[in-house]
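Sequence lines, in order, name chains A and B. The numbers in the first sequence follow my numbering, run straight up by one, and end at 378. The numbers in the second sequence follow my numbering, run straight up by one, and end at 756. Glycine included, C-beta positions come from ideal geometry on N, C-alpha and C. So the structure is just underneath, and the comments pick up after that.
There are 2 protein chains.
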Amino acid sequence: MSGGVGLVQTQQAVLFDEDRPLRLESGARLAPVEVAYETYGRLDEDGANAVFVCHALTGDAHAAGHHGDPSRPGWWDNLIGPGRPLDTDRFFVVCANLLGGCKGTTGPGSIDPATGRPYGLRFPQLSVGDFVTVHRALVRHLGIRRLLAAIGGSLGGMQVLQWAIDHPGEMHGAIVIAASARLSAQNIAFSAVAREAILRDPDFNGGDYYDGPRPDRGLALARMIAHITYLSEASMRAKFGRRIQDADEPRYGFDVDFEVESYLHHQGRSFVERFDANSYLYLTRAMDYFDPFGDPVQTARRLAKVDTRFLVLSFDTDWRFSTEHSREIVRTLTAARVPVTFREISAPHGHDSFLLPIPEYHRTVAGYLDRLAAETTA
Amino acid sequence: MSGGVGLVQTQQAVLFDEDRPLRLESGARLAPVEVAYETYGRLDEDGANAVFVCHALTGDAHAAGHHGDPSRPGWWDNLIGPGRPLDTDRFFVVCANLLGGCKGTTGPGSIDPATGRPYGLRFPQLSVGDFVTVHRALVRHLGIRRLLAAIGGSLGGMQVLQWAIDHPGEMHGAIVIAASARLSAQNIAFSAVAREAILRDPDFNGGDYYDGPRPDRGLALARMIAHITYLSEASMRAKFGRRIQDADEPRYGFDVDFEVESYLHHQGRSFVERFDANSYLYLTRAMDYFDPFGDPVQTARRLAKVDTRFLVLSFDTDWRFSTEHSREIVRTLTAARVPVTFREISAPHGHDSFLLPIPEYHRTVAGYLDRLAAETTA
């Protein structure tokens with residue numbers, strides 16, 4: 001892939017302070033709130049060509065380009081750049097690290113001004129609506145009048161959904177990929193076991209581990225558990241089968257022997273280098289409670305005001321948020337006469353498909369953004 | 379359900395001793411080997427009405443009847459008893475705790491005569507073939523001439539499969555339920571993560587925890603992870619949905635809040651009361667390496683001698699060992715002209731279905747055993 005957005009920098013802005021604290025849905029107030037974000041492309045003079053990218057559970061603001069080493073691009077670099085579906089020659093693309101995250105936006109690892117020490121579990125509980133509140137403050141800060149679109153996969157898609165239904169009129173299009181309007185019991189079960197792995201790590205120390213050893217064992221286990229759900233069974237079979245690691249013969253012991261074990265260990269090890277266990281707890285818990293269509297009467301009332309048009313995408317081998325989750329979103333929106341385009345993309349990679357350059361997927365996103373742009377400039 | 383086999387006792391026998399140690403497939407020798415088993419019904423004079431029950435990963439010898447409290451029957455009590463599919467008025471039913479287990483058969487928690495202390499991880503690695511070797515010794519010990527059938531679900535079915543192909547002529551029928559001839563990469567991944575939870579528990583202490591605190595946190599986590607794979611997504615949804623535990627309103631915190639969390643916690647807690655972490659490691663690892671059809675040439679040669687007839691059963695909502703795993707067994711046996719009856723049973727309960735009194739399932743097993751009995755007495 002040639003081109004790309006090239007060298008970029010993560011920026012930071014204090015969007016809420018003691019005088020204007022962030023009010024959370026729980027009623028709690030939080031200040032200061034600093035937000036890390038990146039932008040690619042240029043904002044038009046009328047401030048109407050912006051596309052907001054919402055990241056998934058373990059993503060960050062660095063969605064595209066690179067920070068000095070072109071071989072280490074942002075997590076959605078294949079989607080964002082000149083001539084790519086989120087075409088930075090045409091669109092002003094923004095991505096921000098989530099509230100509660102650990103990559104530059106205020107989260108449980110930030111200093112609590114009341115104590116001078118990291119919040120840890122004294123950080124307030126968060127909802128997907130709270131993530132959206134912070135994104136909206138950044139949109140205002142950047143002088144964006146109205147979003148052409150918001151787009152996100154998985155937890156990113158959940159933010160897009162919440163934003164579009166809570167704040168009708170703030171975006172022309174909403175692209176919700178491999179997401180869910182409510183986690184199933186099985187989804188919550190995986191999420192709960194991953195959190196237990198962290199909470200039971202003796203180094204977790206009630207969330208106050210920033211001065212000492214970190215709960216790396218628990219966090220790595222959480223990642224390993226979750227990672228199994230990100231891949232389809234078929235892609236795991238194709239990638240690893242039952243191959244033995246670094247040897248002709250099995251060693252018949254409890255050390256890593258099968259390649260799939262080695263892969264999961266690597267996932268666990270590299271994750272603890274880049275992620276904070278407390279952030280993992282807060283963000284997964286917000287997903288568990290997410291249920292924007294929970295009250296049918298309120299949903300109907302709110303959706304009646306929505307003039308955003310939706311593109312909902314799922315992947316046929318995704319068993320974390322299967323197509324059924326997307327269909328549920330589509331059914332609810334359609335029942336309320338909100339315009340929705342739905343497509344199930346065939347791809348073997350499971351939930352992780354939303355991160356990959358799958359031609360039909362990229363064509364669909366590109367075509368949809370074209371249409372949105374044509375509609376808004378008509 | 380009326381009747382049942384009533385009060386039973388677990389018996390024990392030393393089947394291998396210093397003079398005649400157990401030779402394992404790895405080449406290691408083990409002695410003494412004591413085996414815990416139960417029997418239900420009576421052995422005919424010609425010793426040909428015996429049905430051997432092979433238990434799954436976390437089962438034990440106590441398959442039917444009760445040990446004093448009729449409200450706490452054995453794990454397969456719905457299948458075994460007078461007038462039940464394994465009809466104890468007609469059949470002599472035997473069930474033994476697995477080698478490497480922790481319910482009366484020699485395992486890593488047993489005393490190593492060389493040191494006078496529990497084996498821990500000095501216990502030798504085991505294979506499914508080793509489990510079968512010990513079962514066969516028990517069969518001889520009990521004076522059984524030839525098994526009418528061996529039957530088992532999950533890891534139990536894997537033992538039945540191994541036994542039937544390794545020792546043609548020792549059983550008339552083999553009933554292999556919700557099993558697999560080789561774990562998939564995804565199966566191994568779940569198994570690996572569950573083991574990691576144990577191995578990373580600081581109380582694991584390299585397997586030498588019998589004198590001190592036990593790795594209960596890790597073992598409970600392992601059970602919670604595995605348990606998710608035992609239930610279908612639909613049965614989890616039907617059982618728990620997104621219901622909140624003991625409260626009208628969510629508490630929005632990291633404590634148990636959803637019913638599915640409470641259920642998994644209960645599973646974890648009760649499991650550590652009855653199971654040994656080292657046994658969990660040994661038995662799951664034996665499953666990972668199980669691959670009786672791995673070498674096609676050898677498989678064809680061995681299966682040419684098999685005169686056992688097979689009943690292979692799967693459950694349509696089982697995603698741990700899906701119907702595809704059973705079809706693979708059926709394909710291999712059929713290609714070698716081994717007589718196989720295959721049925722996929724429709725049941726909503728996922729992998730756990732093999733433990734439940736599902737009418738079509740029980741009728742199928744009962745009918746098959748009838749046919750086997752008719753054939754052998756004809």
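Within chain A, partners of residue i - CB distance below 7 Å
i	result
ASP771/B	Residue 771/B cannot be examined here, being either before or after the span of chain B that is shown, 379 to 756.
PHE501/B	What PHE501/B touches in chain A: nothing, since even the nearest Cβ is about 11 Å away.
SER731/B	Going along chain A, no residue has its Cβ under 7 Å from SER731/B, so there is no contact; the nearest lies around 16 Å.
PHE649/B	Going along chain A, no residue has its Cβ under 7 Å from PHE649/B, so there is no contact; the nearest lies around 13 Å.
Proximity to residue i [Cα-Cα], best of the options
i	options	result
ALA238/A	ALA300/A, VAL176/A, GLY350/A	GLY350/A
VAL51/A	ASP246/A, ALA347/A, LEU142/A	LEU142/A
VAL35/A	GLY4/A, LEU98/A, ASN49/A, ARG122/A	LEU98/A
GLU328/A	PRO85/A, PRO70/A, ALA178/A	ALA178/A
PRO628/B	LEU281/A, GLU259/A, ASP291/A	ASP291/A
GLY419/B	ASP635/B, ASP438/B, ASP465/B, ASP666/B	ASP465/B
VAL379/A	ASP295/A, PHE271/A, THR284/A, LEU313/A	In the structure as shown, chain A starts at 1 and stops at 378, and residue 379/A therefore has no counterpart that could be examined.
ARG715/B	PHE671/B, HIS703/B, ASN656/B, ASP685/B	ASP685/B
SER404/B	ALA563/B, PRO502/B, LYS683/B	PRO502/B
ARG500/B	GLY487/B, ILE553/B, THR755/B	GLY487/B
ALA220/A	ASP203/A, SER232/A, GLY81/A, ALA347/A	ASP203/A
TYR414/A	GLY530/B, GLU396/B, PRO399/B, ALA406/B	Any property of residue 414/A remains undetermined from this structure, which presents chain A solely from 1 to 378.
GLU639/B	ARG301/A, SER326/A, PHE271/A, ASN187/A	ASN187/A
ASP316/A	TYR282/A, LEU281/A, GLU360/A	GLU360/A
LEU138/A	ALA335/A, ALA347/A, ARG301/A, TYR37/A	TYR37/A
GLU375/A	ARG200/A, ALA48/A, SER235/A	ALA48/A
PHE649/B	VAL510/B, GLY551/B, GLY596/B	GLY596/B
ASP89/A	GLY294/A, ARG214/A, GLY129/A, ASP44/A	ASP44/A
THR39/A	TYR282/A, PHE91/A, PRO85/A	PHE91/A
LEU784/B	ALA474/B, SER449/B, VAL431/B, LEU435/B	Here chain B has residues from 379 to 756 only, and residue 784/B is not among them.
ASP438/B	ALA542/B, GLN645/B, GLY534/B	GLY534/B
LEU369/A	ALA174/A, GLY129/A, ARG214/A	ALA174/A
ALA682/B	ARG398/B, ALA713/B, ARG462/B	ALA713/B
Residues bridged to residue i [DSSP beta-bridge criterion]
i	result
ARG687/B	GLY551/B
ASP17/A	ARG20/A
THR417/B	VAL472/B
PRO496/B	ILE489/B
PHE258/A	ILE244/A
CYS54/A	GLY152/A
GLN11/A	TYR37/A
ARG285/A	DSSP, once it has assigned bridges, lists no residue as partnering ARG285/A.
ILE458/B	LEU464/B
Residue i: contacting residues in chain A (beta-carbon distance under 9 Å)
i	result
TYR658/B	The premise fails here: TYR658/B is roughly 11 Å from chain A at the closest Cβ pair, so nothing lies under 9 Å.
ARG370/B	Chain B is shown from 379 up to 756; residue 370/B falls before or after that span and cannot be answered.
SER404/B	TYR252
Interface partners of residue i on chain C, CB under 9 Å
i	result
PRO108/A	As a matter of chain content, chain C is missing from the structure shown, whose protein chains are A and B.
Beta-carbon neighbours of residue i, restricted to chain A and to distances below 8 Å
i	result
VAL571/B	LEU221, MET224, ILE225, ILE228, LEU264
ASP694/B	Those within 8 Å of ASP694/B in chain A number zero; the least Cβ separation is about 16 Å.
PHE568/B	ILE228
PHE653/B	In chain order: nothing, as chain A lies at least about 17 Å away.
GLU639/B	ILE188, ALA189, ALA192
PHE636/B	ALA185, ILE188, ALA192, ASP288
Proximal chain B residues relative to residue i, where beta-carbon distance stays under 7 Å
i	result
SER395/A	Any property of residue 395/A remains undetermined from this structure, which presents chain A solely from 1 to 378.
ARG285/A	PHE632
ARG200/A	ARG595, LEU599
GLU233/A	SER562, GLN564
GLU196/A	LEU599, MET602
PHE240/A	ALA563
Closer than 9 Å at the beta carbon, the chain B residues around residue i
i	result
ASP208/A	Neighbours of ASP208/A on chain B: none; closest Cβ ~14 Å, over 9 Å.
VAL53/A	Simply none; closest approach about 27 Å.
Partner residues on chain B for residue i, Cβ-Cβ distance less than 8 Å
i	result
TYR289/A	PRO628, TYR630
- Query: How about the region 212–232 of chain A and the region 560–578 of chain B: do they share at least three Cβ pairs that are nearer than 8 Å?
  - Reply: yes
- Query: Can you list the beta strand (DSSP E) stretches of 3 or more residues lying completely in the region 683–749 of chain B, in chain order?
  - Reply: 687–693, 718–723
- Message: Within 8 Å, do at least three Cβ pairs link the region 107–122 of chain A to the region 202–216 of chain A?
- Response: Between the region 202–216 of chain A and the region 107–122 of chain A there are three or more C-beta pairs closer than 8 Å, enough to call the two in contact.
- Message: Tell me whether the region 383–391 of chain B and the region 432–445 of chain B touch, counting them as touching only if at least three CB pairs, one residue from each stretch, are closer than 8 Å.
- Response: yes
- Can you list the alpha helix (DSSP H) stretches of 4 or more residues lying completely in the region 585–617 of chain B, in chain order? 594–608, 611–617
- Query: Below 8 Å, can you find three or more Cβ-Cβ pairs linking the region 271–279 of chain A to the region 93–112 of chain A?
  - Reply: yes
- Message: Would you call the region 510–525 of chain B in contact with the region 661–681 of chain B, where contact means no fewer than 3 C-beta pairs closer than 8 Å?
- Response: no
- Query: If you pair each beta-carbon of the region 450–461 of chain B with each one of the region 390–407 of chain B, do three or more pairs fall below 8 Å?
  - Reply: no
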